[in-house]
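A.B. asks: Mind looking over this structure? Questions follow.
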Amino acid sequence: MATMFITTFEILKNSAIDRIRDFFSTGWSEDGSTVSPEYEAKVLSRNRSALYASLSWLHQHQAINDQDLETFELLKKTRNLLAHNLFEVVTGQTESNHTEQFPVLAELLRKIEVWWVVNVEIPTNPGYADADIDEEGIVPGAILNLQMLLEVVGGNTELLEGWRREQAKLHRHAQPDTSNIATKEPPCA
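All residue numbers for the sequence shown refer to full-length UniProt numbering, where the first residue is 1 and numbers rise by one.
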């Protein structure tokens, strides 16, 4: 469970940073996605850490509250303890309450992800223009991934194998059809 805590904390960090960065993305270059100057002005200018700048942005937009920020700091301390003292924690030489904190971590991740779906993705998707949305019924992708990881850790690989099959299908469909390209060099003229 210690490694799941660390993994989930990293998913939380990525969710906070990447969702906002992607929102301000303007395209792609050789170095990856490019972001608008607004990202620097509205997000990164808040803190030299992209993570804390993103958390500040989420706080300002009421995705998270003061208590969530305090919770994040507590979870970060636990993550750091695990990351730097994993052997000691696993062997019982150092105490950690990561197992008890795991649901709190997952709930904070869910809160941010659901807020994003409800306040950014749905309003910007015309297909949901007048839809009645049940926030409790929303299961964001990050939460589905976490559920899959927990199943695998528990010994159930069926969900993982299904996911791998779907990824392989997507990968095959994304590849250009080269079956009609000649495989031999053309004869010299």
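In this text, a Cβ means the ideal position worked out from N, Cα and C, and glycines have one as well. Fair warning: this is a prediction, and the values are worked out from it, not measured in the lab.
Which residue comes first and which comes last in the beta strand (DSSP E) that contains V35?
C.D. replies: Here the beta strand (DSSP E) through V35 covers 32-35.
A.B. asks: Determine the burial state of T183: buried for a count of at least 16 other Cβ atoms within 10 Å of its Cβ, exposed for fewer.
C.D. replies: Since pLDDT at T183 reaches only 43, below the 50 mark, its modelled position is unreliable, and the value read off the structure follows with that caveat. So T183 ends up on the exposed side.
A.B. asks: Would L75 and L105 be called neighbours here (beta carbons separated by less than 7 Å)?
C.D. replies: Result yes, Cβ atoms of L75 and L105 sit closer than 7 Å.
A.B. asks: Under a Cβ-count criterion, where at least 16 other Cβ atoms within 10 Å of its own Cβ denotes burial, should F87 be classed as buried or exposed?
C.D. replies: Exposed is the call here.
A.B. asks: If contacts are defined as beta-carbon pairs under 8 Å, then L146 and T8 qualify, I think. What distance do you get, rounded to the angstrom?
C.D. replies: Going by Cβ atoms, the distance from L146 to T8 rounds to 6 Å, so yes, they are a contact pair.
A.B. asks: Put G141 into one of helix, strand or coil per three-state DSSP.
C.D. replies: Helix.
A.B. asks: Should S36 and F24 be called a contact, given that it needs their Cβ atoms to be closer than 7 Å?
C.D. replies: Yes, the Cβ-Cβ distance between S36 and F24 is below 7 Å.
A.B. asks: Would you mind working out which of E10, L170, G141 sits nearest F72, comparing C-alpha positions?
C.D. replies: If we check each option's Cα against that of F72, E10 comes out closest.
A.B. asks: Is it true that the segment 150-159 meets the segment 112-125, where meeting means three or more beta-carbon pairs spaced less than 8 Å apart?
C.D. replies: No: fewer than three Cβ pairs fall under 8 Å.
A.B. asks: Which of the three DSSP states, helix, strand or coil, is assigned to T99?
C.D. replies: Three-state result, T99: helix.
A.B. asks: If we ignore side chains and look at the alpha-carbon of each, how far apart do D130 and V114 end up?
C.D. replies: Between D130 and V114, the C-alpha separation is close to 18 Å.
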